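Numbering (the numbering used here), first residue to last: 111 to 292.
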């Protein structure tokens, strides 16, 4: 009889994380400032990042993605797509999962589109899901000390960094990215 109570409490915890992120949604100006600060922090992590960002067709930046739960987990964050150094649209990232998740954490995510084709495919989608079919090369911890010229040939690179909290999940797998109006 304890399992249904724990399961229900876990669901409520995950939903509250997502709901609090939605109700505290940032304004366009706040997202713009956070995106620029996140890119400065990312650039400072590794001198090679400067080259990656400035040769990219575009980058999708989520300054703060919050994930939490107990058994049932959810995550949510808002960010912006930049092309040629200018913000051209606002997006949200979200996911839900059932498993051995316990805790809460925040992190930053940057998805770099290294080719125009990859960027065009993303912009043409009505809701982009990160999974096996997206061909994303994950470079967690942001420093990316192990990326090489082969990795840089991938059409989409994903960086996760600035983790704070008690969840050790750095995967983008299963995340859905959707355009939002601000």
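No residue lacks a Cβ here, since even glycine has one placed at the ideal position from N, Cα and C.
Quick caveat: nothing in here was measured; it's all calculated off a predicted structure.
Quiz item: Roughly how many whole angstroms lie between the Cα atoms of residue 114 and residue 227?
Solution: A caution first: residue 114 carries a pLDDT of 46, below 50, which makes its placement in the model unreliable, though a value can still be read off. Straight-line Cα distance between these residues: approximately 47 Å.
Quiz prompt | Per DSSP, cross-strand counterpart(s) of residue 213 | solution = 179
Quiz item: Using the C-alpha atoms, what's the distance from residue 247 back to residue 261?
Solution: 7 Å
Quiz item: In or out: residue 184 buried (at least 16 other Cβ within 10 Å) or exposed?
Solution: buried
Exercise. Could you give the DSSP three-state label for residue 190: helix, strand or coil?
Key: strand
Quiz prompt | Stretch-stretch touch, CB-based, cutoff 8 Å, three pairs: the stretch 169 to 177 with the stretch 189 to 207 | solution = yes
Quiz prompt | Cutoff 6 Å; reference residue 204; Cβ partners in own chain excluding five residues on either side | solution = 186, 286
Quiz prompt | Beta-carbon spacing of residue 222, residue 166 below 8 Å | solution = yes
Self-check item: N-terminal and C-terminal residue of the alpha helix (DSSP H) that residue 319 is part of
Solution: What the structure shows of the chain is the stretch from 111 to 292, and residue 319 is not part of that stretch, so it cannot be assessed.
Self-check item: Burial state of residue 137 (16 or more Cβ within 10 Å)
Solution: exposed
Quiz prompt | Proximal residues to residue 175 (C-beta, below 8 Å), its chain only, five neighbours per side dropped | solution = 185, 186, 187, 203, 216, 217, 218, 219
Quiz item: Between the C-alpha atoms of residue 162 and residue 181, what's the straight-line distance to the nearest angstrom?
Solution: 37 Å
Quiz prompt | Distance between beta carbons of residue 229 and residue 249, contact taken as under 8 Å | solution = About 18 Å separates the two Cβ atoms, so there is no contact after all.
Quiz item: Alpha carbon to alpha carbon, what distance is there between residue 199 and residue 291?
Solution: 8 Å
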